[in-house]
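To start, the structure itself, in structure tokens.
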Amino acid sequence: MSETLIVFDTTLRDGEQSPGASMTRDEKVRIAKALERMRVNVIEAGFPIASPGDFEAVQAVAGHVKDSTVCGLARALDKDIDRAADALKEAASARIHTFIATSPIHMEKKLRMTPDQVVAQAVRAVKRARQYTDDVEFSPEDAGRSDIDFLCRVIEAVIDAGAGTVNIPDTVGYSLPERFGAIVGKLMEKVPNSDKAVFSVHCHNDLGLAVANSLSAVLNGARQVECTVNGLGERAGNAALEEIAMAVRTRQDAFPVDVALDTTQIVHCSRLVSNITGFPVQPNKAIVGANAFAHESGIHQDGVLKSRETYEIMRAEDVGWSANRMVLGKHSGRNAFRARLSELDVVFSSEEELNAAFARFKDLADKKHEIYDEDLQALVTETNLRSQHERFKLMSMKVCSETGETPTAALTLSMDGQETSATCPGSGPVDAAFRAIESIVKSGCDLQLYSVNNITSGTDAQGEVTVRLEKGGRIVNGQGADTDIVIASAKAYIHGLNKMLASTSRTHPQV
Ligand code: KIV
Ligand code: ZN
């Protein structure tokens, strides 16, 4: 039996720092429950001092998750640590993760502190966190650009102060695999009390090397990897959980460790995160992309038919790809609907919420005969989205699209309960619909991204549309799903506008 590689998921914290990926408390709980079901060891649920919303989300995740450790992030400051501890009170197993920067550039320019002051503050923070829990993690932020002797000094001091996990972040994604692995190995060798802590890594993907750097560190002794579902995260993202997990699992000949994950939950988690955050998964993304197991070339297809190992190194079903399974249909009742959703960890907080979702389900079942889990997930996200902050509502829409004619969209929106109609031409039906919405709302938002994905296969599948809107530096993602992709597009745009108006500003101190 090989040793376990601890999987520390930070989708809900670092992942949420992607522009536009913010999640509500209930969405975070849904993702956390899916991660728990996948048997992720540690779930970093947020940064409690950052905002009241972050605090409540960490508190809610701590209250719902029982089998994974729940972690809260805190700068090396008393107030941050106290707030994190408060948010984690209900957790069955709680970890406080505290950090302070150790690179010359961060210490001089950002913190304006001397190295001695940084060591003292790190030690103080770890000791304070230990007053609340035995499970304390420390990160020297920007370790990838820190002086190795100084890192040794800080790490020795925080282990002495009680840190059980020492995480080495490549905060700006600057490291190269061989060197990064060697740094981790050297730290473990040079720090005299390194055997008293688990060494962890946290790699960003600015050079596309986050997974390679993490795996190199594992080969050099790291026993925890910090990662996110779909590689979501600040800028170019974090190391992708699914890639780390499957690399380690598939190459047991090379790794002295294995993950304890139920990998068959990977695709479900990937879809859930994509669906909730509005960050689509590129089709050629390893493990979770729609084409990850699709063989196009005749030679490959022939080989796979004769013996799948000719061209497949993993089994699609081992990561949760299975033929779409019809779960519900037009004649399914409310109880079957509720039961299937509860199997997907979706629990309605009121009968009204259940009724609203069930009504949407019936509408969908009229248009689409077979309803899959993916449809249900999208439907629940939609119902949640609509019930949260709906200042604008699409009441009706008609689009005309004809060869040789300019497409037009005529629609009616309800704005704070008052209905207004507009008709606009556009270069295509979606463009016309967006113009008509803008002519009513006059938001001045800039459309930065528009993408359509089919939720399941077939031409009767629901299209899931994501839009990214920007205004004055603020970015939101809007989503909409419908069997008609022009309607899905209008819903996504309106959802984005509602979010833009409703969202309160969050603060992300110094991360
Ligand atoms: O990238 C980083 O350095 C972080 C730390 C807070 C671990 O996210
Ligand atoms: Zn990070």
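Each step along the sequence shown adds one to the number in the numbering used here, with nothing skipped, and position 426 is 1085. Glycine is no exception: its CB is placed at the ideal position from the N, C-alpha and C atoms. Quick caveat, the model's predicted, so the values are computed rather than measured.
CA-to-CA, the gap between V825 and F839 works out to about 15 Å. Distance from the C-beta of T830 to the nearest heavy atom of ligand 1 is below 6 Å.
Between Q1036 and A1069, the alpha-carbon positions lie close to 30 Å from each other. For F1007, the three-state secondary structure derived from DSSP is coil. Burial is judged here by how many other beta carbons sit within 10 angstroms of a residue's own beta carbon; G1122 has at least 16 and is buried. One alpha carbon belongs to V932, the other to S1008, and they sit about 21 Å apart. Approximately 13 Å separates the beta-carbon atoms of N1113 and T1125; this is outside 8 Å, ruling out the contact. Sequence-distant Cβ neighbours of D739 in its own chain, meaning closer than 6 Å and more than five residues away, are I708, A733.
Setting aside the 5 residues that flank it on each side, N950 is surrounded in the same chain by P942, N943, each with a C-beta closer than 6 Å to its C-beta; the list follows chain order.
M1056 and T1065 have their alpha carbons spaced roughly 17 Å apart. Only residues of its own chain outside the window of five on either side were considered, and among them S933, S1110, N1112, T1125 have a CB closer than 7 Å to the CB of P939, listed in chain order. A straight-line Cα-Cα distance of about 9 Å links Q911 and S661. Nearest in C-alpha terms to M973, of all of N994, I946, H990, is I946. Contact check for V926 against G979 passes: the beta carbons are separated by less than 7 Å. Burial check for G731: the Cβ neighbour count within 10 Å reaches 16 or more, so the residue is buried. Judged by beta-carbon spacing, D1004 lies beyond the 7 Å limit of K768, meaning their Cβ atoms are not closer than that value. DSSP, reduced to helix, strand and coil, places L664 within a strand of the structure shown.
Taking non-hydrogen atoms of ligand 1 into account, the C-beta of S798 is found less than 6 Å away from one of them. Relative to T1118, the option among P1088, H1028, M905 whose CA is nearest is H1028. Across the set T1079, D1032, H1154, K1052, the C-alpha of D1032 shows the shortest separation from the C-alpha of S1116. For N897, there is no enclosing beta strand (DSSP E), since its DSSP letter is neither H nor E. The C-alpha of L747 lies about 9 Å from the C-alpha of V720. A distance criterion of 6 Å places the beta-carbon of F858 beyond contact range of ligand 1, judged by its closest non-hydrogen atom. Closest in alpha carbon position to T669, among D961, E815, I690, is I690.
Buried is the label assigned to I827, since at least 16 other Cβ atoms lie within 10 Å of its Cβ.
Contact annotation: A841 and D865 have beta-carbon atoms that are not nearer than 7 Å.
In the DSSP assignment, F809 falls within the unbroken alpha helix (DSSP H) covering 807–820. The beta carbon of A871 sits closer than 6 Å to those of P836, all from its chain and outside the five residues before and after it, given in chain order. Here the C-alpha atom of R1019 lies approximately 11 Å from the C-alpha atom of A1140. A716 and E1012 have their alpha carbons spaced roughly 20 Å apart.
DSSP places F938 outside both helix and strand once states are collapsed to three, so it counts as coil.
Under the rule that a run must span 3 or more residues, the beta strand (DSSP E) segments found entirely inside the region 1083–1147 read 1105–1113, 1122–1130, 1133–1141. DSSP, read as helix, strand or coil, puts F714 in helix. DSSP places V947 in the coil class of the three-state scheme, outside both helix and strand. Counting along the chain, K849 sits inside the alpha helix (DSSP H) bounded by residues 836–849. Under the three-state reduction of DSSP, L736 is assigned to coil, being neither helix nor strand.
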